[in-house]
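Protein chains in written order, with my numbering: chain B, 139 to 487; chain P, 139 to 487. C-beta atoms are modelled at their ideal positions from N, C-alpha and C, and glycine is treated no differently. Since this is a predicted model, take the numbers as computed values, not measurements. Data block below; observations after.
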DNA sequence: CGCTAGATTTGGATCGTTCCAAACCGGGGT
DNA sequence: ACCCCGGTTTGGAACGATCCAAATCTAGCG
């Protein structure tokens with residue numbers, strides 16, 4: 139029937155108002171479901187909205203109302219399944235709250251992180267969830283973000299974080315406790331020579347995990363040989379390459395707590411290449427519980443961080459903060475759960 | 139020195155103008171780097187911008203200029219590494235173009251897809267990249283998106299797609315050619331009895347891959363036994379469960395082209411459970427080249443789809459479209475690359 | 001010294017929506 | 001008749017930035 143030719147101009151409240159003989163203000167009231175407007179008028183306006191194919195211009199509304207309807211999400215490495223799940227969780231909750239997620243990826247570059255933060259801020263997000271790039275600096279982030287926009291830090295600490303920035307909420311994983319549990323588990327399995335494998339010295343999560351490992355070793359009265367602490371890039375490829383470092387000197391370890399799952403899977407590969415069977419002749423644990431961990435051979439004992447749940451939690455924390463900007467900053471450390479699978483075998487006799 | 143107490147109000151061009159005794163218009167010119175403004179004035183204004191900590195309000199600018207600076211990205215399943223990589227690629231290019239990505243995830247639900255599209259549209263994105271949920275319907279998408287906003291479809295076809303929607307650009311993977319190459323590769327290895335394993339009948343990508351398989355079989359003059367075409371959910375678990383179907387009747391295949399990597403890895407698992415050694419007694423290929431493919435044992439021959447590159451390409455296509463809205467619709471089928479690894483062994487003598 | 005081309009600057013008006021104070025309207029009370 | 005009342009509706013002004021036509025300011029020229 140009413141086949142409008144594809145107009146060039148967008149249809150606005152003005153068009154609707156003209157179309158059904160009321161004022162812009164009335165249309166606006168209808169759009170926001172105000173109880174002030176008369177039933178009949180409302181019906182008439184709603185019909186017109188449909189007929190003209192109106193789409194709400196939230197940017198204009200936000201401008202006038204001085205509100206916002208978006209959250210910025212800046213991820214250090216979106217291609218990593220852990221962060222992808224996290225992002226999915228964030229977007230779930232943000233979407234449920236009727237807002238949209240502005241996405242930015244820093245690719246682990248602090249330079250890009252700065253640029254991305256600047257660009258996203260221009261769109262006036264209500265708040266920011268930041269999973270910082272490695273080496274990201276607190277004062278630089280503060281400079282880019284300003285003190286006006288709430289920020290939630292996920293997963294990593296910033297370099298040089300000072301008390302002055304304490305108004306930022308944080309959500310972290312309990313890296314230390316996790317690594318402690320994994321180490322204790324291997325000890326309980328009977329291992330005495332346990333390595334900590336992978337990760338990068340200046341990553342805060344690596345430091346924390348290593349600290350947990352050392353604590354557990356000390357608690358068990360076990361010494362740590364220098365060549366049992368091996369650094370490598372947090373990728374499978376580099377992990378496979380670095381496997382040999384574990385066996386460069388005597389005594390060789392019989393088990394390893396790995397920085398994360400990717401590293402653990404890489405190490406498995408490296409072990410196989412050396413003729414060692416992971417899960418039988420060498421025990422190992424991961425961290426993250428990525429999807430593959432359960433399906434690798436052997437299946438990987440690891441620490442589940444439930445990234446999607448963390449994403450939901452982060453978004454919820456930020457929404458809470460928007461509701462109450464002056465509440466005290468929250469620093470939540472989310473527990474991780476040890477998932478025992480086949481890779482953490484007892485030592486061979 | 140100049141320690142402004144944390145103002146509540148945002149600082150606007152008006153404040154800057156007042157602060158250094160010029161008009162709003164001049165400040166605006168400076169902000170956009172216009173060559174019209176005098177060197178000294180520019181310096182003065184820029185100093186003031188810095189001093190007051192001005193942040194550009196792009197929403198207001200877009201309103202006046204009737205432009206946009208965002209792209210909407212709607213993904214059927216963000217937690218899937220393939221799509222996460224894709225999203226990362228999109229965001230790379232969008233960011234390079236000085237725009238931001240509005241993220242939405244539909245979780246494979248057409249209902250949520252509708253809601254997400256509606257919500258994102260209110261923010262007036264310049265265009266939309268949609269990786270549809272399974273079963274997503276062309277007319278419904280059209281209703282949600284309208285004819286005004288450019289849309290690029292990635293990876294899947296819509297149900298009931300009609301010529302009338304032909305103005306949408308599409309970027310798909312060359313599923314058919316990929317499956318053809320994989321099959322031909324197995325034929326070249328000496329196999330005669332080759333199965334097509336996994337996938338779901340009503341998924342367009344599965345239909346296309348199976349078509350490629352049949353073509354290659356026919357081209358090689360090989361017949362296809364009915365029980366060589368096995369359906370299963372595209373998950374490892376179900377694939378492992380369905381492995382036996384291949385051996386339910388004689389003659390059993392000696393190789394299989396799998397719907398994707400997940401299925402192939404599941405099938406490997408199923409083979410091992412039957413006492414068959416994949417990559418030695420049974421050959422198989424996957425599709426996608428997920429990170430694990432290279433590290434599985436045996437390493438998996440598969441078709442690399444380069445999701446990040448596809449993401450960059452999709453974003454570029456959409457940007458091109460924004461530049462020239464009336465150009466003819468492009469329907470690009472991206473080639474996939476056969477990566478030969480250990481799993482596609484010759485048949486046992 | 002008046003005059004003009006070129007370089008810079010500027011005061012509204014405007015984008016689409018919401019806020020606000022005031023106007024309108026049909027009855028009921030006095 | 002008049003006033004008042006709750007229920008509805010409405011015409012500007014405003015949000016922050018940009019566009020545009022016009023104003024202002026040089027400096028050079030005859």
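{"Query": "Distance between residue 467 (chain P) and residue 305 (chain P) (C-alpha atoms, nearest Å)", "Result": "5 Å"}
{"Query": "Under 7 Å from the C-beta of residue 415 (chain P): neighbouring residues of chain B", "Result": "The premise fails here: residue 415 (chain P) is roughly 13 Å from chain B at the closest Cβ pair, so nothing lies under 7 Å."}
{"Query": "Short Cβ contact (8 Å threshold) for residue 401 (chain P) with residue 316 (chain P)", "Result": "no"}
{"Query": "Buried or exposed by the 16-neighbour rule on C-beta atoms within 10 Å, applied to residue 473 (chain B)", "Result": "exposed"}
{"Query": "Length of the line joining the Cα atoms of residue 170 (chain B) and residue 346 (chain B)", "Result": "49 Å"}
{"Query": "Contacts of residue 229 (chain B) in chain P (Cβ-Cβ under 8 Å)", "Result": "216, 241, 242 and 243"}
{"Query": "Nearest-angstrom beta carbon gap, residue 261 (chain P) and residue 349 (chain B) [assumed within contact, 8 Å]", "Result": "About 44 Å; that fails the 8 Å criterion."}
{"Query": "Closest residue to residue 417 (chain P) among P:222, P:243 and P:434 (Cα-Cα distance)", "Result": "P:434"}
{"Query": "Residues from the segment 188–201 of chain P in contact with chain B, defined by Cβ distance under 8 Å", "Result": "191, 193, 194, 195, 196, 197, 198, 200 and 201"}
{"Query": "Ranges of the alpha helix (DSSP H) found wholly within the segment 340–366 of chain B, counting only runs of at least 4", "Result": "342–357"}
{"Query": "Selection from P:338, P:389, P:341 and P:379 that minimises the alpha carbon distance to residue 361 (chain P)", "Result": "P:389"}
{"Query": "Per-residue burial, residue 424 (chain B) [other beta carbons within 10 Å of its own, 16 or more giving buried]", "Result": "buried"}
{"Query": "Cβ pair count under 8 Å reaching 3, the segment 207–217 of chain P against the segment 218–230 of chain B", "Result": "yes"}
{"Query": "The segment 291–303 of chain B contacting the segment 317–331 of chain B, beta-carbon criterion three pairs below 8 Å", "Result": "no"}
{"Query": "Short CB-CB distance (under 8 Å) between residue 111 (chain P) and chain B", "Result": "With chain P running from 139 to 487 in the structure shown, residue 111 (chain P) is simply not present."}
{"Query": "Cα-Cα separation between residue 192 (chain B) and residue 164 (chain B), rounded to whole angstroms", "Result": "15 Å"}
{"Query": "Inter-residue CB distance, residue 310 (chain P) and residue 471 (chain P) (contact presumed, cutoff 8 Å)", "Result": "5 Å"}
{"Query": "Within chain B, partners of residue 384 (chain P) - CB distance below 9 Å", "Result": "Correct list: empty, because the minimum Cβ distance to chain B is about 20 Å."}
{"Query": "C-alpha gap between residue 103 (chain B) and residue 287 (chain B), whole angstroms", "Result": "In the structure as shown, chain B begins at 139 and stops at 487. Residue 103 (chain B) is therefore absent and cannot be evaluated."}
{"Query": "C-beta contact flag for residue 437 (chain B) and residue 465 (chain B) at 8 Å", "Result": "no"}
{"Query": "Partner residues on chain B for residue 238 (chain P), Cβ-Cβ distance less than 9 Å", "Result": "210, 240, 241, 242, 254, 257, 258, 260 and 261"}
{"Query": "Nearest neighbour of residue 252 (chain B), chosen from B:233, B:226 and B:280 [CA to CA]", "Result": "B:280"}
{"Query": "Contacts that residue 222 (chain B) makes with chain P (C-beta to C-beta distance below 7 Å)", "Result": "216, 217, 219 and 222"}
{"Query": "Which residues DSSP lists as bridging residue 226 (chain P), in chain order", "Result": "Paired residues: none, contrary to the question."}
{"Query": "Cβ shell of residue 141 (chain B) (< 7 Å), same chain only, five flanking positions each side left out", "Result": "Confidence in residue 141 (chain B) is poor, its pLDDT being 36 and thus under 50, which makes the residue's placement unreliable; the coordinate value appears in the next sentence. So the list is empty, once near-sequence residues are dropped."}
{"Query": "Residue closest to residue 107 (chain B), alpha-carbon to alpha-carbon, out of B:259, B:264, B:285 and B:254", "Result": "What the structure shows of chain B is the stretch from 139 to 487, and residue 107 (chain B) is not part of that stretch, so it cannot be assessed."}
{"Query": "Collapsed DSSP secondary structure at residue 257 (chain B) in the structure displayed", "Result": "helix"}
{"Query": "Limits of the alpha helix (DSSP H) - the one that residue 197 (chain B) falls within", "Result": "196–203"}
{"Query": "Min CB distance residue 430 (chain P) to chain B below 8 Å", "Result": "yes"}
{"Query": "Element boundaries [alpha helix (DSSP H), containing residue 179 (chain P)]", "Result": "177–190"}
{"Query": "Contacts that residue 374 (chain B) makes with chain P (C-beta to C-beta distance below 8 Å)", "Result": "429 and 433"}
{"Query": "When P:166, P:204 and P:259 are compared against residue 282 (chain P), the one with the closest alpha-carbon", "Result": "P:259"}
{"Query": "Best match in P:256, P:244, P:264 and P:246 for proximity to residue 236 (chain P) [C-alpha to C-alpha]", "Result": "P:264"}
{"Query": "Chain-ordered chain B contacts of residue 446 (chain P) [CB-CB under 8 Å]", "Result": "217"}
{"Query": "Nearest-angstrom Cα separation, counted from residue 415 (chain B) out to residue 394 (chain P)", "Result": "28 Å"}
{"Query": "Minimum Cβ-Cβ distance from residue 480 (chain P) to chain B less than 8 Å", "Result": "no"}
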